[in-house]
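Numbering (this note's numbering), first residue to last: 44 to 222.
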Amino acid sequence: VPGRNWWRRRWGGWLFALMVLTAWLIPVQQSVLAPATVVPRDPWVVTAPMDGVVAAIDVAANAPVTAGQRLFHLEETTVRNRWEVAQKSLKVAQADLLRAQQISFSNREVKAGMPLLEEQVGQRTAEVAFAKELLERTQVRAERDGIAIFGDADDWRGKPVQVGERVMVIADPAQVALD
């Protein structure tokens, strides 16, 4: 017949095993501290569309932006003047063509020069369209939603930029990585 201590040891062993198994079921929080930088994954880099001077940054740093929202704009004085001169040159060419068309019924020499005048009107029309496109390119807009990431906006005001120069990055807050 086993002794009383034998039963105590046996129940004690089972009790100890039960406590160990129960301890394994308790969740333990673990964490690690390490230096890391959160960086955007697959960001959209916003560059200068043409050579010029940054007039102003139109969004705040680290602010959310929506597609189509103006991010910054370049000085447009030179481009606007070029567009206005092109428009006036087009009007002069159209007036010359109209005058030649009216005279061409009675003057063969003027009639012979009509294709040249028509070509000048076409060239001036193309110049106006090109200047208008340049004027529109001075306004840089967001192509997608995200967060505008750049340095101080005051550092950009008045800064000359070249075509393709990085001005800011638009990052999707849902797509980040640790660096």
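Built from N, CA and C at the ideal position, the CB exists for glycine as well.
Asked, Found
"Below 8 Å, can you find three or more Cβ-Cβ pairs linking the segment 146-165 to the segment 207-215?", "no"
"Taking only three categories from DSSP, how would you classify A282?", "Here the chain comprises residues numbered 44 to 222, so residue 282 is not present and cannot be evaluated."
"What number of angstroms, rounded off, separates the C-alpha of E186 from the C-alpha of V88?", "10 Å"
"With distances taken from CA atoms, which of E118, V171 and D85 is nearest L221?", "D85"
"Could I get the ranges of all uninterrupted alpha helix (DSSP H) runs contained in the segment 111-193, with 4 residues as the minimum, in chain order?", "120-146, 151-155 and 157-180"
"Determine whether the beta carbon atoms of L140 and E161 lie at a separation below 8 Å.", "yes"
"Should I100 be labelled buried (16 or more other beta-carbon atoms within 10 Å of its own) or exposed?", "buried"
"Could you compute how far the alpha carbon of A217 sits from the alpha carbon of L61?", "45 Å"
"Please report the residue range of the alpha helix (DSSP H) in which A196 lies.", "A196 to W199"
"Which residues in the same chain have their Cβ closer than 6 Å to the Cβ of E170, if we skip the five residues on either side of it in sequence?", "A129"
"Kindly give me the distance between the Cβ atoms of E119 and T181, rounded to whole angstroms, as I take these residues to be in contact under 8 Å.", "4 Å"
"Could you check if F173 is buried or exposed, using at least 16 other CB atoms within 10 Å of its CB as the buried criterion?", "exposed"
"Please check the pair D197 and P83, which I expect to be a contact at CB under 8 Å, by giving their CB distance rounded to whole angstroms.", "The Cβ separation is near 23 Å, so there is no contact."
"Quick test of your reading: F115 and V97, contact by CB under 8 Å. State the CB separation rounded to the nearest angstrom.", "6 Å"
"Considering only their Cβ atoms, is the gap separating G189 from T90 smaller than 8 Å?", "no"
"Quick one: grab the DSSP three-state call for A227.", "Because the chain here runs from 44 to 222, residue 227 falls outside it and cannot be looked at."
"Quick check on this structure: which residue in R113, D94, S132 and Q205 has the alpha carbon closest to the alpha carbon of L167?", "Looking at the sequence itself, residue 167 is Arg, so the reference to Leu does not match. Ranking R113, D94, S132 and Q205 by Cα distance to R167 puts S132 first."
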